[in-house]
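Engineer: Numbering (our numbering), first residue to last: 455 to 663.
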Amino acid sequence: MGEATSNAAQRAHSVIRAGILSGEFTVGSMLSESVLAASMSMSRTPVRAALGRLQDEGLVRIYPKRGALVRELTAAEIRESAQVRHAFECAGVQIGGPVARRELGTRLLKNVEDQEKALRAGDFPGFATLSLQFHRAFVELADNTTMLAFYDRLQDRQHLSIVRNSTIRGQPDLVLTEHRSLLTDAAAGDWTTFSTRLREHQSHGSDFE
455 MGEATSNAAQ RAHSVIRAGI LSGEFTVGSM LSESVLAASM SMSRTPVRAA
505 LGRLQDEGLV RIYPKRGALV RELTAAEIRE SAQVRHAFEC AGVQIGGPVA
555 RRELGTRLLK NVEDQEKALR AGDFPGFATL SLQFHRAFVE LADNTTMLAF
605 YDRLQDRQHL SIVRNSTIRG QPDLVLTEHR SLLTDAAAGD WTTFSTRLRE
655 HQSHGSDFE
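1. What residues in its chain sit with their C-beta under 6 Å from that of M496, if we drop five residues either side in the sequence?
2. On the DSSP bridge list, what partners appear for G521?
3. Could you give the uninterrupted runs of the alpha helix (DSSP H) lying entirely in the stretch 604-632, keeping only those of 4 residues or more?
4. Which word fits P500, buried or exposed, when buried means at least 16 other C-beta atoms lie within 10 angstroms of its C-beta?
5. Under a Cβ-count criterion, where at least 16 other Cβ atoms within 10 Å of its own Cβ denotes burial, should G550 be classed as buried or exposed?
6. Within the same chain, show all residues whose beta-carbon is closer than 7 Å to that of R507, passing over the 5 residues directly before and after it, in chain order.
7. Inspect the beta-carbon positions of S483 and L527 and report whether they are closer than 9 Å.
8. Roughly how many angstroms separate the alpha carbons of R651 and R574, rounded to a whole number?
9. Determine the burial state of Q537: buried for a count of at least 16 other Cβ atoms within 10 Å of its Cβ, exposed for fewer.
10. Can you tell me the Cα-Cα spacing of E570 and G580, whole angstroms?
11. Where V469 and L558 are concerned, what is the direct C-alpha to C-alpha distance, given to the nearest angstrom?
12. Would you kindly report the start and end of the unbroken alpha helix (DSSP H) that includes E511?
13. Shortest alpha-carbon distance to L562 belongs to which of Q625, Q656, F588?
14. Measure the alpha-carbon distance for F662 versus C544 and round it to whole angstroms.
15. Based on Cα-Cα distance, which residue from E632, R556, R525 lies nearest to R618?
16. Using the Cβ count rule (16 or more neighbours within 10 Å means buried), how would you classify T583?
17. Any idea what DSSP makes of L595, helix, strand or coil?
18. Beta-carbon separation of F578 and L636 under 9 Å?
19. Under 9 Å between the Cβ atoms of G521 and L595?
20. Straight-line CA distance for H613 to D597?
21. Under a Cβ-count criterion, where at least 16 other Cβ atoms within 10 Å of its own Cβ denotes burial, should A472 be classed as buried or exposed?
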């Protein structure tokens, strides 16, 4: 694949991935190579490469001569992702030093305020982005690049879980209260209580509409 085609494939991947994560391309919809290529003013070759990469990432399933189906997350994928994220976030709170935890408490207050504004405005993709930043900050406490690299591989699944979650849409105050409690526990270094609260918070993760 030449450099121009490679760059086009990267752009196609970014555009299609963003469409899936935002909900523009809904679960169960079939994506056409030719339609996507025309919309991005490129040939079908880079689009095909982009869809292949998205299939490897678990976001679509390709059906030859038909297109790519936007996948729903399975119950197993949601459960396994939540378990890994729980382990890393709790480890971050446990390992992080007192100065880092205090700074986290101050830094994330603005994030939670912005979460509330997004939810009140019905901006669920915006809330999802803020929530990802919120939860990732707990892992950042460990100052461990390897942990973050593994954690970041689950970001797309987490994003989709948030955007499609009915609890977030129907009970935003509950979600915000849980986030504030998690932040309080993390800032205090109470990782055992944090662990219990996080598991309860994650129990809403499969409440899809």
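The beta-carbon is built from N, C-alpha and C at its ideal position, and this holds for glycine as well.
Structural biologist: Let me lay it out:
1. Answer for M496: A462, listed in chain order.
2. Residue pairing by DSSP places G521 opposite Y517 in a beta bridge.
3. Counting only runs of 4 or more, we get 609-617, 620-624.
4. Result: buried.
5. That one is buried.
6. Excluding sequence neighbours, R507 sits near H467.
7. Not in contact: S483 and L527 (Cβ atoms no closer than 9 Å).
8. R574 has its alpha-carbon roughly 24 Å from the corresponding atom of R651.
9. Around the beta carbon of Q537, a 10 Å sphere encloses fewer than 16 other beta carbons of the protein chains shown; the residue is thus reported as exposed.
10. One C-alpha to the other measures close to 10 Å.
11. Between V469 and L558, the alpha-carbon positions lie close to 32 Å from each other.
12. Taken as a continuous stretch (DSSP letters only), E511 belongs to no alpha helix (DSSP H), as it is neither H nor E.
13. Nearest option by C-alpha distance: F588.
14. Bear in mind that the predicted position of F662 carries a pLDDT of just 40, short of 50, making it unreliable; the figure below should be weighed with that in mind. Looking at the two C-alpha atoms, the distance is approximately 25 Å.
15. Cα-wise, what sits closest to R618 is R525.
16. Classified as buried, T583 has 16 or more neighbouring CB atoms from the shown chains inside 10 Å of its CB.
17. Here L595 sits in coil by DSSP.
18. No.
19. For G521 and L595, no; Cβs fall outside 9 Å.
20. One Cα belongs to H613, the other to D597, and the distance between them is close to 23 Å.
21. With fewer than 16 other Cβ atoms within 10 Å, it is exposed.
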